[in-house]
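Line by line, the protein sequences give chains A and B. For the first sequence, the positions run 5 to 156 when the working numbering is used. For the second sequence, the positions run 11 to 744 when the working numbering is used. These notes concern the structure reproduced below.
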Amino acid sequence: MTKLTINGREVAVTSGPDTPLLWVVRDELRLTGAKFGCGAAQCGACTMYVEGQPARSCITPVSSVEGQKITTPEGLSGKVADAVRAAWQKHDVAQCGYCQSGQIMAAVALLTEKPGVDDAGINEAMSPYLCRCATYSRIRTAIHSASTALRA
Amino acid sequence: MFTQRIDHLLDANAKPALNRRGFLLVSAAAAGAGLTLGVMVPGPRGSAQAAGEAGQAVFNPFVRITPDNRVIVLSKHLDKGQGAATGLSTLVAEELDADWAQMRVDFAPANTALYANSAFGVQGTGGSSAMANSFEQYRKAGAAARAMIVGAAAAKWNVPADSITVVKGVVSDGKNSAMLGDLAEAASKRSVPAEPKLKDAKDFVFIGKSFPRLDAVAKTTAQPIFTQDVHLPNMLTATVARPPRFGGTVTSVDATAAKAIAGVVDVVQIPQGVAVLASSTWAAIQGRDALKITWDESKAETRGSDALIAEYRKLAENPGTSVRKEGDAAAGLKTAVKTIEAEFVFPFLAHAPMEPMNCVMQMKDGAVTIWTGSQLQTVDQNVAAATLGVRPEDVSINTLWAGGSFGRRAVYNSDFVGETAALVKAYGKPVPIKIVWTREDDIKGGYYRPLVLHKVTAGVTADGKIAGWQHRIVTQSIMTGTAFETVAVKNGIDNTSMEGVGDTPYAIPNLEVDLHSPKNGVPPLWWRSVGHSHTAYVMETIIDELAALAGKDAVEFRLALLEKHPRHVGVLKLAAEKAGWGAELPKGTARGVAVHESFKSFVAQVAEVRIVAGKAKVDRVVCAVDCGIAINPDNIAAQMEGGIGYGLGAVLHSQITLKDGRVEQSNFDGYQVLRFDEMPSVEVYIVPSAEAPTGVGEPGVPPIGPAVANAVAVLSGKRIRTLPFDLHNLDGGA
Numbered sequence: 005m006t007k008l009t010i011n012g013r014e015v016a017v018t019s020g021p022d023t024p025l026l027w028v029v030r031d032e033l034r035l036t037g038a039k040f041g042c043g044a045a046q047c048g049a050c051t052m053y054v055e056g057q058p059a060r061s062c063i064t065p066v067s068s069v070e071g072q073k074i075t076t077p078e079g080l081s082g083k084v085a086d087a088v089r090a091a092w093q094k095h096d097v098a099q100c101g102y103c104q105s106g107q108i109m110a111a112v113a114l115l116t117e118k119p120g121v122d123d124a125g126i127n128e129a130m131s132p133y134l135c136r137c138a139t140y141s142r143i144r145t146a147i148h149s150a151s152t153a154l155r156a
Numbered sequence: 011m012f013t014q015r016i017d018h019l020l021d022a023n024a025k026p027a028l029n030r031r032g033f034l035l036v037s038a039a040a041a042g043a044g045l046t047l048g049v050m051v052p053g054p055r056g057s058a059q060a061a062g063e064a065g066q067a068v069f070n071p072f073v074r075i076t077p078d079n080r081v082i083v084l085s086k087h088l089d090k091g092q093g094a095a096t097g098l099s100t101l102v103a104e105e106l107d108a109d110w111a112q113m114r115v116d117f118a119p120a121n122t123a124l125y126a127n128s129a130f131g132v133q134g135t136g137g138s139s140a141m142a143n144s145f146e147q148y149r150k151a152g153a154a155a156r157a158m159i160v161g162a163a164a165a166k167w168n169v170p171a172d173s174i175t176v177v178k179g180v181v182s183d184g185k186n187s188a189m190l191g192d193l194a195e196a197a198s199k200r201s202v203p204a205e206p207k208l209k210d211a212k213d214f215v216f217i218g219k220s221f222p223r224l225d226a227v228a229k230t231t232a233q234p235i236f237t238q239d240v241h242l243p244n245m246l247t248a249t250v251a252r253p254p255r256f257g258g259t260v261t262s263v264d265a266t267a268a269k270a271i272a273g274v275v276d277v278v279q280i281p282q283g284v285a286v287l288a289s290s291t292w293a294a295i296q297g298r299d300a301l302k303i304t305w306d307e308s309k310a311e312t313r314g315s316d317a318l319i320a321e322y323r324k325l326a327e328n329p330g331t332s333v334r335k336e337g338d339a340a341a342g343l344k345t346a347v348k349t350i351e352a353e354f355v356f357p358f359l360a361h362a363p364m365e366p367m368n369c370v371m372q373m374k375d376g377a378v379t380i381w382t383g384s385q386l387q388t389v390d391q392n393v394a395a396a397t398l399g400v401r402p403e404d405v406s407i408n409t410l411w412a413g414g415s416f417g418r419r420a421v422y423n424s425d426f427v428g429e430t431a432a433l434v435k436a437y438g439k440p441v442p443i444k445i446v447w448t449r450e451d452d453i454k455g456g457y458y459r460p461l462v463l464h465k466v467t468a469g470v471t472a473d474g475k476i477a478g479w480q481h482r483i484v485t486q487s488i489m490t491g492t493a494f495e496t497v498a499v500k501n502g503i504d505n506t507s508m509e510g511v512g513d514t515p516y517a518i519p520n521l522e523v524d525l526h527s528p529k530n531g532v533p534p535l536w537w538r539s540v541g542h543s544h545t546a547y548v549m550e551t552i553i554d555e556l557a558a559l560a561g562k563d564a565v566e567f568r569l570a571l572l573e574k575h576p577r578h579v580g581v582l583k584l585a586a587e588k589a590g591w592g593a594e595l596p597k598g599t600a601r602g603v604a605v606h607e608s609f610k611s612f613v614a615q616v617a618e619v620r621i622v623a624g625k626a627k628v629d630r631v632v633c634a635v636d637c638g639i640a641i642n643p644d645n646i647a648a649q650m651e652g653g654i655g656y657g658l659g660a661v662l663h664s665q666i667t668l669k670d671g672r673v674e675q676s677n678f679d680g681y682q683v684l685r686f687d688e689m690p691s692v693e694v695y696i697v698p699s700a701e702a703p704t705g706v707g708e709p710g711v712p713p714i715g716p717a718v719a720n721a722v723a724v725l726s727g728k729r730i731r732t733l734p735f736d737l738h739n740l741d742g743g744a
């Protein structure tokens, strides 16, 4: 048994200690917002927050985050999250949508830390997140748009 | 035990409920609480059933209206990001005069009689055909429903039908008014008009406007809409160990260690390999890693890419099957004062959609149910039926939203569905089984854009005209040996091998094109834009080089050769104008241009490129597109942006290579694709048109490679003919 705090709730999971957090959350807790894209920390589709910081859950053994606060895309909330989702919808960012949970997690983390982030900062923060539909320019636009809305 | 807990784990805004079959389902209550989901999040019965669900008024196979005033459009096309579901809903909303906020979309069940793609004759999505083949069909469906609604209102209010208006979903005769949902049940019982009157284009209120995608909310609130998200009671998750070389088979398997892993339920041999069934995905992955398999590779493909390229090069020394002959290329070339002899090599490419392949299937009491992003429902249905020994009508398909495809989910032999069926059969128990492909499975799994070699000799005369053009293509046929052979292969020529060359619009007086179609053991497949993914590159870089040899401007040279092709001319002029073609650029930046028709849409692109540390850096792309009537301009722009990004990643970075028959790449570290900081700024301009709409999913891809290559040639003097660009250092001389 491993004790986790997921989206503010304490849970005990039975998956083995080496099981990646992604599969514990998806298969055992049935929270499927974080996606399986590569299993090798190459794409960012599996992003969750561990203690508020984006982490690649596909390579994070569940035992390594025992007792820590984990946020999944389903648990993402607050002013920045609302602004980012609204901007994503306004600019119709998503195409297939499969990577967008991870993109949104990354964007919310970025704007939480740097509300007035510039293009260079966006490049640095977002380049580890793959999108095969190449929605990148709309992601950039939406981040700027959310940034403006948050600072208004 | 977790069903109780999940409700509390979630943001209340996206509160799921488990329905009685245990699948995560966004509840109507959540939708009512302010979360407007444009998509019908699929339950275990998934896609809407043809007969309709309780309370839905069924107007025709495409339109239903609920008493609570939702208009449900049944999309016969898979939406894998290209926006088809929103596009089809737009057509219905237009003719129904609905309000966009009441539109919902679900995927149609597998039913070839009702939902065939008129371009294929089977139910399926591809060839950028969704809007083209559905434009009238879905408008008629909306118009028929509207006529029935008006008829019901007229009868109810005892007024003439022509006194009734429908505006934004409100039906009124000036005195009485009702919502569509109020009249739906009575209206659906009325006779269906055979030829409902369609609107004049001048009266369109939806078509030509950019209404937001119906899936935008679901896709930004982490909803479980993908195959990967399906969880069913007693479901097992499986991985499959497939042969390390294409064509290999299992000799023996030692599953002792695999079966000892906690969560592994069984290990089953199937024709495709060895499957590990487990209670969780991780156990299935670990179990597979623990298998000890001996493979029989006596019939496997053991050649590497280098050997295949050498074979193709050898073939290219002699003429293949003649594809096109205009004038006399050899004689024409003798009049050339400047000649290019060029060989191009294009690598195998994986589609690599973000959602790796997967499929869920259950067989119970002779009925088979499939949950997957099904892109060729008829073929998927037939393959599952044949594998499991049932009739196709015993197989129901719940088509789910797909996390990309780019061609990979439309497979002539339904490889990923057939494999799941084989496992369901071999395991033999009536539980649902989900096969999950890892990224490594996806990258190594074949069904690639084939390896292609082009050999071109072309030249210009002293007065700057094209003297002659000999063009030889060597590539595997995608269609030969498939169910599509009869339509796609004529006289031994697979159209997808040479489309974009054999049918070039350029007025080339002495042109000869021929084709070799060697076989090898690597399964080929259409990859976003199919043959155009390489033919446009060759045509548009050679044309560009000829223009340079002739001392002509690259745009003017093309225009002179396209006099009989006004739609090519239209996009080319528009892109050039918007890009400021000819205007000065900062030192170190150059423009390149390309124009290409694919899938009956016309696209021109101008790329602004720099060379940074030996690599091409694309700053800006100006794209002009003519796809007939623009149904949703913003979605057209999105598809051009996406096509440019997809194509650019491929030409810059991507290659699948084989060493002794084994694929050398396995994940996104080796199979590089476009990343965020490489995405150029893209501007899209749409040529106004009254022509019937054509596709946009693929046509944005072909021009980007040659546009960038042509700019690189200006900057470096290098003509890149072996892809990807990463094989070359573009800094001067090196």
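Think of the CB as a built atom: it goes at the ideal place given N, C-alpha and C, for glycine as much as any other residue. Predicted, not measured: the structure shown is a model, and the values here were computed from it.
Distance CB(residue i)-CB(residue j) smaller than 8 Å
i	j	result
T237/B	W447/B	no
A753/B	I271/B	Only positions 11 to 744 of chain B appear in this structure, which leaves residue 753/B out of reach.
I488/B	W536/B	yes
A64/B	A197/B	no
L725/B	A600/B	yes
G283/B	A251/B	yes
E509/B	H542/B	yes
T76/A	A38/A	yes
A155/B	N143/B	no
G469/B	I553/B	no
A94/B	A126/B	no
G106/A	T23/A	no
V421/B	Y458/B	no
A702/B	G652/B	no
Neighbour list for residue i in chain B, Cβ cutoff strictly below 8 Å
i	result
K39/A	F236, Q238, M364, E365, G413
Partners in chain A for residue i, counting only beta-carbon separations shorter than 9 Å
i	result
L684/B	L134, C135, R136, A138, Y140
M489/B	Result: empty, since nearest Cβ-Cβ is about 25 Å, beyond 9 Å.
Run of the alpha helix (DSSP H) containing residue i, from where it starts to where it stops
i	result
P643/B	643-662
R577/B	576-589
P716/B	714-726
Residues bridged to residue i [DSSP beta-bridge criterion]
i	result
A150/A	DSSP, once it has assigned bridges, lists no residue as partnering A150/A.
G283/B	I280/B
K444/B	T247/B, V370/B
T51/A	R60/A
I621/B	A626/B
V49/B	V115/B
A85/B	The question names Ala, yet the displayed sequence has Ser at residue 85/B. In the DSSP output, where bridge partners are listed per residue, S85/B has F117/B.
Interface residues of chain A facing residue i [CB-CB closer than 8 Å]
i	result
K90/B	C100
Contacts that residue i makes with chain A (C-beta to C-beta distance below 7 Å)
i	result
N677/B	C42, A44, Q46
P241/B	Inspection of the sequence shows that residue 241/B is occupied by His rather than by Pro. Chain A residues near H241/B: R34.
R630/B	Per Cβ cutoff of 7 Å: no residues; R630/B is ~11 Å from chain A at best.
Limits of the beta strand (DSSP E) - the one that residue i falls within
i	result
W305/B	302-306
Y695/B	691-696
I75/B	73-75
CB contact check: residue i to chain D, cutoff 8 Å
i	result
S19/A	Among the protein chains in the structure shown, which are A and B, there is no chain D.
Chain B contact residues for residue i, given Cβ-Cβ distances below 9 Å
i	result
D122/A	By Cβ distance, chain B contributes nothing, its closest Cβ being about 13 Å from D122/A, past 9 Å.
Check whether the stretch 369-386 of chain B touches the stretch 91-102 of chain B, counting contact only when three or more Cβ pairs, one atom from each stretch, lie closer than 8 Å.
no
Should the stretch 687-699 of chain B be called in touch with the stretch 320-340 of chain B, which here means at least 3 C-beta pairs below 8 Å?
no
Taking contact to mean at least 3 C-beta pairs separated by less than 8 Å, is the stretch 226-246 of chain B in contact with the stretch 661-676 of chain B?
no
Does the stretch 574-592 of chain B come close enough to the stretch 490-502 of chain B to have 3 or more Cβ pairs within less than 8 Å?
no
Cβ contact (3+ pairs, closer than 8 Å) linking the stretch 616-628 of chain B and the stretch 70-77 of chain B
no
Is the stretch 82-90 of chain B in contact with the stretch 122-137 of chain B, if contact means three or more CB pairs nearer than 8 Å?
yes
Does the stretch 354-370 of chain B come close enough to the stretch 89-103 of chain A to have 3 or more Cβ pairs within less than 8 Å?
yes
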